Amino acid sequence: IEAWYGIMGIGAIYHTLNPRLFPEQIAWIMNNAEDRAIFVDLTFVPLLEKIAGAVKSLNKVIVLTDSAHMPDTALPNAVAYEDWLAEADGAFAWKTFDENTAAGMCYTSGTTGDPKGVLYSHRSNVLHAMIAAMPDAMGISARDVILPVVP
């Protein structure tokens, strides 16, 4: 959740990936989205190692661990998350941008061709969170079942 909010807070676009896809599909999506950095759990390092050479725009791999648990990896520019955070000075100035600015991107399943990127705005993320947090508001009742986009 730190990364999710941090990415949006700097005005970048978070992009989730489905690790259940074939490696070639993940590489295609990352190339199509022109992903420059990735936050990756330790369990997915081997998968990323298989495709990293095929992802042309990727220039930073942040492994969600500390240096004591950082695996030996051939991933280019890989760094342990905790070490990466420790390098920051804390003097960050949060960006100001319009609520309709893109905050996140998910890809469709590609049932009718190649998957397509779908952008979510900061506004839509707030509205999804509000709907999830306030039953009986916005036409959604406590009896409805919803799947919000936000964590």
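In this text, residue positions in the sequence shown follow the working numbering: the first is 907, and each later residue adds one.
For glycine and all other residues, C-beta sits at the position ideal for the given N, C-alpha and C.
Quantities reported herein were computed from a predicted structural model and do not represent experimental measurements.
How close, in whole Å, do the beta carbons of N1011 and G1019 come, if the pair is a contact with beta carbons under 8 Å? Here residue 1011 refers to the residue found at position 105 of the sequence shown. Here residue 1019 refers to the residue found at position 113 of the sequence shown. Here residue 1011 is Met; the residue named in the question, Asn, does not match the sequence. About 18 Å separates the two Cβ atoms, so there is no contact after all.
Among Q931, D1042, I913, H1034, the one whose alpha carbon lies nearest that of I968: Mapped onto the sequence shown, residue 968 falls at position 62. Checking every option, the nearest Cα to that of I968 belongs to I913.
To the nearest whole angstrom, what separates the beta carbons of Y920 and W934, a pair I think is in contact under 8 Å? Taking the first residue of the sequence shown as 1, we reach residue 920 at position 14. Taking the first residue of the sequence shown as 1, we reach residue 934 at position 28. Y920 to W934, Cβ: 19 Å. No contact.
Beta-carbon within less than 7 Å of T979's beta-carbon, same chain only, minus the 5 sequence neighbours each way: which residues are those? Looking up residue 979 in the sequence shown gives position 73. V951, E955.
What do you reckon, are the CB atoms on L948 and L970 nearer than 8 Å? Taking the sequence shown and counting its residues from 1, one reaches residue 948 at position 42. Taking the sequence shown and counting its residues from 1, one reaches residue 970 at position 64. Cβ distance < 8 Å, so L948 and L970 count as in contact.
Look at K962 and A943 and say whether their C-beta atoms are less than 8 Å apart. The residue labelled residue 962 in the question sits at position 56 within the sequence shown. The residue labelled residue 943 in the question sits at position 37 within the sequence shown. Not closer than 8 Å, so no.
Would A994 be called buried (16 or more neighbouring beta carbons within 10 Å of its own) or exposed? The count along the sequence shown starts at 1 and reaches residue 994 at position 88. The residue in question, A994, is exposed, as its Cβ has fewer than 16 Cβ neighbours within 10 Å.
Counted within 10 angstroms of its Cβ, other Cβ atoms place P1021 as buried (16 or more) or exposed: Within the sequence shown, the letter at position 115 stands for residue 1021. Its Cβ being crowded by 16 or more others within 10 Å, P1021 is buried.
Three-state secondary structure assigned by DSSP to L1053: On the sequence shown, residue 1053 is found 147 positions in, with the first residue counted as 1. Coil, per DSSP.
G915 and W1000 look like a contact to me (Cβ under 8 Å); what is the Cβ gap, rounded to whole Å? Taking the first residue of the sequence shown as 1, we reach residue 915 at position 9. Taking the first residue of the sequence shown as 1, we reach residue 1000 at position 94. Confirmed, Cβ separation roughly 6 Å.
Hey, would you say P1041 sits closer than 8 Å to A1035, going by beta carbons? Your numbering for residue 1041 matches position 135 in the sequence shown. Your numbering for residue 1035 matches position 129 in the sequence shown. Cβ atoms of P1041 and A1035: not closer than 8 Å.
For P977 and A958, believed in contact at Cβ under 8 Å, the rounded distance: Sequence index remark: in the sequence shown, residue 958 carries index 52 (1-based). Sequence index remark: in the sequence shown, residue 977 carries index 71 (1-based). The Cβ separation is near 14 Å, so there is no contact.
Short check: CB of L927 to CB of D941, under 8 Å? The residue labelled residue 927 in the question sits at position 21 within the sequence shown. The residue labelled residue 941 in the question sits at position 35 within the sequence shown. The answer is no: Cβ separation not under 8 Å.
Going by Cα to Cα distance, which pick from E930, P925, P929, A939 is closest to A918? Taking the sequence shown and counting its residues from 1, the one referred to as residue 918 is at position 12. The shortest C-alpha separation from A918 is found at A939.
Coil, strand or helix - S1015 by DSSP: One-based indexing of the sequence shown puts residue 1015 at position 109. Reduced to three states, the DSSP call for S1015 is coil.
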